[in-house]
Amino acid sequence: CGLDLTRSVAMTPDHLTRIPGTGPLGQFIRDALRFYFEVHRDRGLGYLAHLHDPLAATVALDPQLVQTRAARVSVDLRGERGVTSAAWD
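Numbering (the numbering used here), first residue to last: 2 to 90.
Right, dumping it as structure tokens:
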């Protein structure tokens with residue numbers, strides 16, 4: 002899942018209030034998301050969380066949730082962060 006897709010899925014504090022449960026798992030999820038809310042806020046992106054890895058994992062479990070197409074992906078490791086690019090078949 003490219004960032005163009007995962008950045009279109011954002012968790013907000015309103016979503017967070019809908020997570021059921023008061024047990025340890027619910028509290029862990031709320032604490033983890035609050036951390037991401039604050040990171041995004043501090044970077045000037047708003048008080049939200051983009052769920053890159055959870056969306057990719059969800060698609061891996063159920064590929065029919067999104068449309069896919071084959072591509073050759075290359076990774077450029079120059080610079081501080083890796084950059085991927087796709088050559089669509």
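Note that CB positions come from ideal geometry on N, CA and C, so glycine has one too. These numbers come from a predicted model, not from an experiment.
Counting the other CB atoms within 10 Å of its CB gives L26 a total below 16, which places it among the exposed residues.
Counting the other Cβ atoms within 10 Å of the Cβ of F38 gives 16 or more, which makes it buried. For D90, the three-state secondary structure derived from DSSP is coil.
When the beta-carbon positions are compared, C2 and A88 stay at least 8 Å from each other. Under the three-pair Cβ rule at 8 Å, the segment 11–21 does not count as touching the segment 66–81. For D54, the enclosing alpha helix (DSSP H) covers residues H53 to L62. Taking the Cα of T7 as reference, the smallest distance to any Cα among L52, V84, L66 and R42 is reached at L52. Comparing alpha carbon positions, the residue from D90, A50 and L66 closest to D32 is A50.
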